[in-house]
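J.:
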Amino acid sequence: MPRQRKRTKRQTRKKDNHSKTTAIDGAWKVRDVTVLRAMGRGENGFVNDDMRRKIWPILLHCDRLVDTKSSTIEMHKDERQAELDILRSFNTYPHGITDERKDELRSQLTGVISHVLRSHPNLHYYQGFHDIASIFLLLFDEKDAGTLMEHVSLFFIRDAMLDSLDPILREITMIDTILQKEDTRLHLHMTEAGVLPYYCLSWVITWFSHDIDDVSKINRLFDLFLSSSPLMPLYVSAALVLSRRNLVLSQPADPSSIHTLLTKVPRNVNIEAWIKDAIRLEKNYPPYELQQLSGVGLDEVSAVNTHKDLWLDMALLSKDSTETLHASRHKADEILGMSADERIPISVKQRVTTGTPYGERLLAKMREMYVKDPMLWTTLLLSAGVVTFAVATDQMGLVR
6 MPRQRKRTKR QTRKKDNHSK TTAIDGAWKV RDVTVLRAMG RGENGFVNDD
56 MRRKIWPILL HCDRLVDTKS STIEMHKDER QAELDILRSF NTYPHGITDE
106 RKDELRSQLT GVISHVLRSH PNLHYYQGFH DIASIFLLLF DEKDAGTLME
156 HVSLFFIRDA MLDSLDPILR EITMIDTILQ KEDTRLHLHM TEAGVLPYYC
206 LSWVITWFSH DIDDVSKINR LFDLFLSSSP LMPLYVSAAL VLSRRNLVLS
256 QPADPSSIHT LLTKVPRNVN IEAWIKDAIR LEKNYPPYEL QQLSGVGLDE
306 VSAVNTHKDL WLDMALLSKD STETLHASRH KADEILGMSA DERIPISVKQ
356 RVTTGTPYGE RLLAKMREMY VKDPMLWTTL LLSAGVVTFA VATDQMGLVR
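Here is the structure:
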């Protein structure tokens, strides 16, 4: 009787991926968004780019849109700023492309971003938006990438596209609460060093597409983000910091040293283990409960707090129903047009403490820096100036 050959890990992985793509294809055919979201959060996500080209439009409900032409031909006020960022695009990835191809992609990226901004004039472009748009353009043509980015902007990263970064300050403040609950020693070391959560700003507002140069890993993270709450990038950020606890603890209690370490995402990061831990954190500290624990409420109309009503419930619609989708788009546009005074944070339960709650004190320091120099945030955090940024916060007296 012939001996059976032992199956290699590669063969097993290939078989598992084949089984999963078959299951994904089955859910795609019947447009089962609930199942597809679960698969996007599961091991290996949507497995490959061919599957992503099928699934991402369904997750973003763009297969229902008949016409997404720009509502105006007038230039959006932020297009000139976007163009400066576009000129620096596609230098990190994809690898090995010609200068001619880079120029072609940049031209198409201009079209994608212009379409989104002109379709929704109340959107405020931010430095880093082009990084997310670049990933969609590498998978889809210009027209489809523009349509998909509309819904990413309206329903996932809307809080970063308001007239102020204050909603994002509140969001990244909550990473501190996760670290405090998960690893007291790590949190204490970072607190004593005066490290504020600026290190995760780029991660959160670019979905890590600015900080990782492996497109396959970025795409895998996008599978997760498109299948989850808009707060998932924060959980992924927390999981990354926790995974590097030993390295952080080995650093001196110096903000620039720890900032420099944290802002560099390891090339050899185990993407599936990282995602699995992020999902665990989300389960342990769901968005509403995390706001309560932090003592910092996001706006009632934030992308996080309206995710169910404006987005998840659309999964229950029939295939040919577009009325609720257009109503949600309209509501999102209305939120973008609201003033900061009209956007009211959810109420958080005040815990019995002496003095101002820690989350509020941390947020106050971050707001103080933002008021002093708003441009310092994105200019330095989305460039090579991380050490400069850390030194600047120290000189401003904004360490904890």
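Letter by letter, the sequence shown follows residues 6 to 405 in my numbering. Every residue gets a Cβ at the ideal spot worked out from N, C-alpha and C, and that includes glycine.
I284 lies in the alpha helix (DSSP H); which residues open and close that run?
T.: Looking up residue 284 in the sequence shown gives position 279. From DSSP, the alpha helix (DSSP H) with I284 extends over I276 to N289.
J.: Since L267 and M179 should fall inside the 8 angstroms C-beta cutoff, what is the C-beta to C-beta distance between them, to a whole number of angstroms?
T.: Start at 1 with the first residue of the sequence shown, and residue 267 comes out as number 262. Start at 1 with the first residue of the sequence shown, and residue 179 comes out as number 174. Between the beta-carbon of L267 and that of M179 there is about 16 angstroms, and that puts the pair past the 8 angstroms contact cut.
J.: Considering only residues of the same chain and omitting the five flanking positions on each side of Y240, which have a CB-CB separation below 7 angstroms?
T.: Sequence index remark: in the sequence shown, residue 240 carries index 235 (1-based). These residues qualify, in order along the chain: A283, L286 and E287.
J.: Mind checking who D304 pairs with in its DSSP beta bridge?
T.: If you number the sequence shown from 1, residue 304 lands on position 299. Note: D304 sits in a beta bridge opposite P350.
J.: From what residue to what residue does the alpha helix (DSSP H) around W212 run?
T.: The residue given as residue 212 occupies position 207 in the sequence shown. From DSSP, W212 is part of no alpha helix (DSSP H); its letter is neither H nor E.
J.: At 4 residues or longer, what runs of the alpha helix (DSSP H) sit wholly inside the region 215 to 244?
T.: 220 to 231
J.: Could you tell me if V157 is buried or exposed, where buried requires 16 or more neighbouring beta carbons within 10 angstroms of its beta carbon?
T.: As a position in the sequence shown, residue 157 is number 152, starting the count at 1. The residue in question, V157, is buried, as its Cβ has 16 or more Cβ neighbours within 10 Å.
J.: Kindly indicate the opening and closing residues of the alpha helix (DSSP H) around S255.
T.: Taking the first residue of the sequence shown as position 1, residue 255 is located at position 250. Element bounds for S255: n/a, residue is neither H nor E.
J.: Apart from the five residues just before and just after E197, which ones in its own chain have a Cβ nearer than 6 angstroms to its Cβ?
T.: Locating residue 197 in the sequence shown gives position 192, where the first residue counts as 1. Its chain contains A258 as the residues whose beta carbon lies nearer than 6 angstroms to that of E197, once the 5 sequence neighbours on both sides are disregarded; these appear in chain order.
J.: Y203 by DSSP, collapsed to three states: which one?
T.: Here residue 203 refers to the residue found at position 198 of the sequence shown. Helix, per DSSP.
J.: Please state the DSSP three-state secondary structure of M371.
T.: Locating residue 371 in the sequence shown gives position 366, counting from the first residue. Helix at M371.
J.: Using CA atoms only, rank isn't needed, just tell me which of V35, G31, E79 and T97 is closest to H120.
T.: If you number the sequence shown from 1, residue 120 lands on position 115. The shortest Cα separation from H120 among V35, G31, E79 and T97 belongs to E79.
J.: Could you spell out where the alpha helix (DSSP H) holding Q132 opens and where it closes?
T.: Along the sequence shown, one-based indexing puts residue 132 at 127. Note, Q132: premise wrong, no alpha helix (DSSP H); not H, not E.
J.: Is S307 buried or exposed, if buried means 16 or more other CB atoms sit within 10 Å of its CB?
T.: For the purposes of this step, residue 307 is taken as the residue at position 302 of the sequence shown. Answer is buried; the Cβ neighbour count reaches 16.
J.: Tell me whether the beta-carbon of M166 lies closer than 8 angstroms to the beta-carbon of Y131.
T.: In the sequence shown, residue 166 corresponds to position 161, counting from 1. In the sequence shown, residue 131 corresponds to position 126, counting from 1. Going by C-beta atoms, M166 is nearer than 8 angstroms to Y131.
J.: Taking only three categories from DSSP, how would you classify F161?
T.: Here residue 161 corresponds to residue number 156 of the sequence shown, with the count starting at 1. Coil at F161, not helix or strand.
J.: I'd like the ranges of any alpha helix (DSSP H) spanning at least 4 consecutive residues and lying wholly in the region 82 to 111.
T.: 84 to 91
J.: Check each candidate in D304, F145, A337 and M195 and name the one with the smallest Cα separation from Q256.
T.: Taking the sequence shown and counting its residues from 1, one reaches residue 256 at position 251. Checked all of D304, F145, A337 and M195; the closest Cα to Q256 is M195.
J.: Among N53, K59, D168 and S333, which one has its Cα closest to the Cα of S344?
T.: Position 339 of the sequence shown, counted from the first residue, corresponds to residue 344. Looking at the Cα atoms, D168 is the closest of the given residues.
J.: Under 8 angstroms by Cβ, that's how I've got L110 and L142 pegged, so tell me the actual separation to the nearest angstrom.
T.: One-based indexing of the sequence shown puts residue 110 at position 105. One-based indexing of the sequence shown puts residue 142 at position 137. The pair is a contact, with the Cβ atoms about 6 angstroms apart (cut-off 8 angstroms).
J.: Applying the 10 Å Cβ sphere with the 16-neighbour rule, what's the burial state of R334?
T.: Here residue 334 refers to the residue found at position 329 of the sequence shown. With 16 or more other Cβ atoms within 10 Å, it is buried.
J.: Cβ atoms of L254 and H66: under 8 angstroms apart, would you say?
T.: As a working note, residue 66 is residue 61 in the sequence shown. As a working note, residue 254 is residue 249 in the sequence shown. No.
J.: Helix, strand or coil for R36 per DSSP?
T.: As a working note, residue 36 is residue 31 in the sequence shown. If DSSP states are grouped into helix, strand and coil, R36 belongs with coil.
J.: Starting from the Cα of L45, find the closest Cα among G31, W61, D55 and K34 and give me that residue.
T.: Taking the sequence shown and counting its residues from 1, the one referred to as residue 45 is at position 40. At residue 45 the sequence reads Gly, which differs from the Leu that was named. Looking from the CA of G45, the closest CA among G31, W61, D55 and K34 belongs to W61.
J.: May I ask which residues mark the beginning and end of the alpha helix (DSSP H) holding L170?
T.: Residue 170 sits at position 165 when you count from the first residue of the sequence shown. Counting along the chain, L170 falls outside any alpha helix (DSSP H), and DSSP gives it neither H nor E.
J.: What's the C-alpha gap between A138 and K313?
T.: For this step, residue 138 is matched to residue 133 along the sequence shown. For this step, residue 313 is matched to residue 308 along the sequence shown. So the alpha carbons of these two residues sit roughly 24 angstroms apart.
J.: So the candidates are D171, K107 and L122; which of them puts its Cα closest to the Cα of M371?
T.: Residue numbering aside, residue 371 sits at position 366 when the sequence shown is read from its first letter. Nearest of D171, K107 and L122 to M371, Cα basis: D171.
J.: Under a Cβ-count criterion, where at least 16 other Cβ atoms within 10 Å of its own Cβ denotes burial, should H192 be classed as buried or exposed?
T.: Working through the sequence shown from its first residue, we reach residue 192 at position 187. Taking all protein chains in view, the Cβ of H192 is crowded by 16 or more other Cβ atoms within 10 Å, so the residue is classified as buried.
J.: I'd like the span of the alpha helix (DSSP H) that includes A332, first residue to last.
T.: Here the question's residue 332 lines up with position 327 in the sequence shown. From DSSP, the alpha helix (DSSP H) with A332 extends over E328 to L341.
J.: Once the 5 residues before and after A243 are set aside, which same chain residues still bring their CB inside 6 angstroms of it?
T.: In the sequence shown, the residue the question calls residue 243 occupies position 238. Around A243: I180, I183 and L286.
J.: Could you tell me how far apart the beta carbons of T115 and I91 are, in whole angstroms, since I believe they sit closer than 8 angstroms?
T.: Numbered from its first residue, the sequence shown carries residue 115 at position 110. Numbered from its first residue, the sequence shown carries residue 91 at position 86. About 6 angstroms; that satisfies the 8 angstroms criterion.
J.: Please state the DSSP three-state secondary structure of T359.
T.: Position 354 of the sequence shown holds residue 359. Annotation note: pLDDT 46 at T359 (below 50); position unreliable, coordinate value reported separately. Looking at T359 - three-state DSSP - the assignment turns out to be coil, as it is neither helix nor strand.
J.: Assuming V270 and Y98 make a contact with CB atoms under 8 angstroms, what is their CB distance in whole Å?
T.: Reading the sequence shown from its first residue, position 265 is the one you call residue 270. Reading the sequence shown from its first residue, position 93 is the one you call residue 98. Approximately 13 angstroms separates the beta-carbon atoms of V270 and Y98; this is outside 8 angstroms, ruling out the contact.
J.: Leaving out five residues on either side along the sequence, give the residues of the same chain with a beta carbon under 7 angstroms from the beta carbon of H135.
T.: Sequence index remark: in the sequence shown, residue 135 carries index 130 (1-based). Closer than 7 angstroms at the Cβ level, and outside the excluded window around H135, lie A87, D90, I91, S94, L114 and I118.
J.: Here's a check: name, in chain order, each residue in its chain whose Cβ is nearer than 6 angstroms to the Cβ of F213, leaving out the five neighbours to either side.
T.: Residue numbering aside, residue 213 sits at position 208 when the sequence shown is read from its first letter. The answer, listed in chain order, is L226.
J.: Identify the continuous alpha helix (DSSP H) that holds D314 and give its terminal residues.
T.: The residue labelled residue 314 in the question sits at position 309 within the sequence shown. D314 -> alpha helix (DSSP H) spans H312 to L315.
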